[in-house]
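Student: Before we start, here is the structure in question, set down as structure tokens.
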Amino acid sequence: MRLRGRKGIREALIAQPELIILEPATYKGKWSSLFGNNNPIHVELGMGKGKFISELSYQNPNINYIGVDMYDELLRRAGEKAELARAADGGSLDNLKLALFNIEKIEEIFDNSELERIYLNFSDPWPKKRHARRRLTHAGFVRKYIEILNEKGEIHFKTDSRSLFEFSLNSFADMGLRMRNISLNLHREGVRTDLVLTEYETKFSEQGVPIHRLEVVIGKQAMDQHLQQLADLERSEEL
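Below is the structure:
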């Protein structure tokens, strides 16, 4: 894969081999071996500067995280931020990897049922109708996600684009997928402290821009757990 960006960026990426993966297709079906354990694997597709995936990995050491982006400069920034953050608090980067790859071919780096969760945060809305197939919640992409997610698989989606959110709702519904925790204004009552925010989300929330969010239940175990939670809630309301 060709590296783009400022002079010396290739050297900067190569200098972090324990964190940055330049040939992720090599690890298709082998990510657990790379991490050295069988912990669940959560992936952010289009990680930007890496704040979200880095904070999640720090908060949840028993989950393995992979941030994927096609832009080498973003990968460099994310890697440097992660290293500095861990150096400051003495934490470990063992459960975090950053992969340089084009999401359009995501099936080339993850095997069937290899992932437990996919995060789609503030993806490009591709507003023109002729570009609909490029949206990361288009059925063409979602079918790939379903293949690489396991029995506990879920998709967590956030955007500030109302049009993309409406498109995504229809896309998931047309595929017969169950959605939950749908919000048209996630931070209406104040910034959610129980969720990790992205750089964009922090900025938009401060400006009063509504953040839309939903979760898609994919795997059978995830669905069974969701239905059980609904049944428990219904029983508690009857008491």
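Numbering (the numbering used here), first residue to last: 1 to 239. Using N, Cα and C, we set each Cβ at its ideal position, and we do this for glycine too.
#1: Which residues in the same chain have their Cβ closer than 7 angstroms to the Cβ of Leu184, if we skip the five residues on either side of it in sequence?
#2: For the segment 132-145 against the segment 51-60, do three or more pairs of beta-carbon atoms, one drawn from each stretch, fall closer than 8 angstroms, so that the two count as touching?
#3: Pairing CB atoms from the segment 116-131 with CB atoms from the segment 85-102, are three or more of them under 8 angstroms?
#4: Less than 6 angstroms between C-beta atoms, sequence neighbours within five positions excluded: which residues of the same chain meet that for Leu34?
#5: Do Leu230 and Asn181 have their beta-carbon atoms positioned less than 9 angstroms apart in this structure?
#6: Applying the 10 Å Cβ sphere with the 16-neighbour rule, what's the burial state of Val191?
#7: Are the Cβ atoms of Ile148 and Phe110 separated by less than 9 angstroms?
#8: Roughly how far, in whole angstroms, is the beta-carbon of Ile21 from the beta-carbon of Lys97, given that I think they are within contact range, below 8 angstroms?
#9: Does DSSP put Leu186 in a helix, in a strand, or in coil?
#10: Sort Ile218, Arg77, Lys203, Ala85 by Cα distance to Tyr145 and report the nearest one.
#11: Measuring only the C-alpha atoms, how far is Arg2 from Gly67?
#12: Round the Cβ separation of Leu74 and Lys49 to the nearest angstrom and send it over; I've been treating them as touching at under 8 angstroms.
#13: Using CA atoms only, rank isn't needed, just tell me which of Asn170, Gly208, Ala173 is closest to Arg188.
#14: Say yes only if the C-beta of Gln16 is nearer than 8 angstroms to one or more non-hydrogen atoms of the ligand MN, and no if none qualify.
#15: Which of the three DSSP states is assigned to Phe35 in this structure?
#16: If contacts are defined as beta-carbon pairs under 8 angstroms, then Glu107 and Ala25 qualify, I think. What distance do you get, rounded to the angstrom?
#17: Would you mind listing the beta strand (DSSP E) stretches within the segment 46-84 that are 3+ residues and don't spill past its ends, in chain order?
#18: Would you say Leu19 and Glu114 are within 9 angstroms of each other, going by their C-beta atoms?
#19: When you compare each of Glu116, Ser168, Lys203 to Asp124 by their alpha carbons, which one comes out closest?
#20: From Met70, Ala222, Asn39, pick the residue whose C-alpha is nearest to that of Gly46; which is it?
#21: Measuring alpha carbon to alpha carbon, tell me which of Lys152, Thr159, Asn64, Gly79 ends up nearest Lys240.
#22: Measure from the alpha carbon of Phe141 to the alpha carbon of each residue in Phe165, Ser171, Ser163, then state which is nearest.
Tutor: Taking the coordinates as given:
#1: Excluding its 5 nearest sequence neighbours in each direction, Leu184 has C-beta neighbours in its own chain below 7 angstroms: Pro210, His212, listed in chain order.
#2: Contact between the segment 132-145 and the segment 51-60 is absent: fewer than 3 CB-CB pairs across the two stretches fall below 8 angstroms.
#3: Taking 8 angstroms as the limit for Cβ pairs, the verdict is that the segment 85-102 does not touch the segment 116-131.
#4: Taking Leu34 as the centre and dropping the five residues before and after it, the same chain places the C-beta of Tyr27 closer than 6 angstroms to its C-beta, in chain order.
#5: Judged by beta-carbon spacing, Leu230 lies beyond the 9 angstroms limit of Asn181, meaning their Cβ atoms are not closer than that value.
#6: By the neighbour-count rule (16 or more Cβ atoms within 10 Å), Val191 is not buried but exposed.
#7: In contact: Ile148 and Phe110 (Cβ atoms closer than 9 angstroms).
#8: In this structure Ile21 is in contact with Lys97, their Cβ atoms being roughly 5 angstroms apart against a cut-off of 8 angstroms.
#9: Reduced to three states, the DSSP call for Leu186 is coil.
#10: Of the listed residues, the one whose Cα sits closest to Tyr145 is Ile218.
#11: Residue confidence for Arg2 is low, a pLDDT of 45 falling below 50, so the modelled location carries little weight and cannot support an answer.
#12: Confirmed, about 6 angstroms.
#13: Measuring C-alpha to C-alpha distances from Arg188 to each of Asn170, Gly208, Ala173 identifies Gly208 as the nearest.
#14: The ligand content of the structure shown is nil, which means the ligand MN is not present either.
#15: The answer is helix: DSSP assigns Phe35 an H, G or I state.
#16: Going by Cβ atoms, the distance from Glu107 to Ala25 rounds to 10 angstroms, so no, they are not a contact pair.
#17: The qualifying runs are 64-69.
#18: No; because the gap between Cβ atoms is not below 9 angstroms, this pair is not in contact.
#19: Here the closest residue by C-alpha is Ser168.
#20: Among Met70, Ala222, Asn39, the Cα nearest to that of Gly46 is on Met70.
#21: Residue 240 lies beyond the range of the chain shown here (1 to 239); nothing can be said about it.
#22: Ranking Phe165, Ser171, Ser163 by Cα distance to Phe141 puts Ser171 first.
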